[in-house]
Amino acid sequence: KQSPISITKGQNKTARIECKAEGISNFQSEYIHWYRHIPSKAPERILFIGEGQASYDDSSYRNKYSASKTRENTCKLCVLTINDIIPDDTATYYCAYWQASLKFLMSSQQPRARPSLSLSQPAHSEILQKNQENQTTYVCLIEKFYPEVIRVTWTDEAHNEVTDNVVQGDPWKATEEGEYSISTWLTVSAANKDKNYHCKYEHESKKHSLQTQGTYYMLKISFYVLLQISLFLCNKIIEIMLSITVPESICASWCNNS
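Residue numbering for the sequence shown follows UniProt numbering, starting at 1 and increasing by one per position.
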């Protein structure tokens, strides 16, 4: 497991990517491999580490990368350190563990160096709802965040992830400043329209959860309250108008003009 979902660092800074291992009985002696995937290029292995020091696939990586393994109580941790961050270091980094013919990959997203942009949490998020005869579609909209790396999932009332009938778009650049937005759709049958669903997102800046029915009922209650206030004010205005005494001269003038 790797957390957080992304790491943003300024130029010439240092980034640490942590990989928490589970189910590896002899963690200290087993080999953990680190890979880097730059967009538009094939993934490449940087190094691997066992009991001793790391072994590098390219000797030029020694000053750029380092790795360590620690074990504290039940926590088994392998850390990749990237020194002197530059924009070319923007990539997806993977830690991998091999056992016989099995391979387990866990990804940590894009450590990056972008001096002109700073970390920005989503400025707005909401769930839009469209009811049809046989189904209901929820659209989860998350707007204006940076970097673009974000994980969005749908869960049901039991907090289990929902993957059926889910469509998720790619982040798009929403502002001239380079902030991004994303949307995802969940379609449920008419039989499940009264159930609660959550749109959860995990961004480097924050984690948040939106509830479908909770949002809908909140809007419904607000509209009801607003309607009641409007009716109350209208009744008061009518009472005031009915209580106004119109002078006979004005009334006679109005009647003659009519």
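We put the CB at the ideal spot given by N, CA and C, even for glycine.
Proximity below 8 angstroms, CB of residue i to CB of residue j
| i | j | result |
| --- | --- | --- |
| residue 91 | residue 80 | no |
| residue 46 | residue 35 | yes |
| residue 152 | residue 175 | no |
| residue 15 | residue 85 | yes |
| residue 166 | residue 186 | yes |
| residue 69 | residue 28 | yes |
| residue 24 | residue 97 | yes |
| residue 161 | residue 196 | no |
| residue 150 | residue 169 | no |
| residue 82 | residue 88 | no |
Residue nearest to residue i in terms of C-alpha spacing, selected from the options
| i | options | result |
| --- | --- | --- |
| residue 20 | 78, 39, 4, 190 | 78 |
| residue 61 | 48, 129, 134 | 48 |
| residue 134 | 182, 194, 190, 52 | 190 |
| residue 177 | 144, 186, 188, 167 | 144 |
| residue 94 | 2, 194, 193 | 2 |
| residue 148 | 26, 173, 53 | 173 |
| residue 192 | 162, 136, 168 | 136 |
| residue 26 | 207, 76, 171, 201 | 76 |
| residue 33 | 132, 201, 57, 130 | 57 |
| residue 124 | 71, 194, 201 | 201 |
| residue 194 | 163, 207, 131 | 131 |
Segment limits, beta strand (DSSP E) that includes residue i
| i | result |
| --- | --- |
| residue 133 | That residue, residue 133, is in no beta strand (DSSP E); it is neither H nor E in DSSP. |
| residue 48 | 44 to 49 |
| residue 167 | 166 to 168 |
| residue 18 | 15 to 21 |
| residue 152 | 150 to 155 |
| residue 32 | 32 to 37 |
| residue 200 | 198 to 203 |
| residue 187 | 180 to 189 |
| residue 211 | 207 to 211 |
| residue 90 | Element bounds for residue 90: n/a, residue is neither H nor E. |
| residue 7 | 6 to 9 |
Beta-carbon contacts of residue i that lie in its chain and below 6 angstroms, excluding the five residues immediately before and after
| i | result |
| --- | --- |
| residue 198 | 155, 209, 211 |
| residue 13 | 85 |
| residue 171 | 148, 180, 182 |
| residue 38 | 91 |
Other residues of its chain near residue i: CB distance less than 7 angstroms, five sequence neighbours each side excluded
| i | result |
| --- | --- |
| residue 119 | 8, 146, 204, 205 |
| residue 179 | 120, 144, 145, 146 |
Same chain, Cβ closer than 8 angstroms to residue i, neighbours up to 5 away in sequence not counted
| i | result |
| --- | --- |
| residue 31 | 48, 49, 50, 97, 98 |
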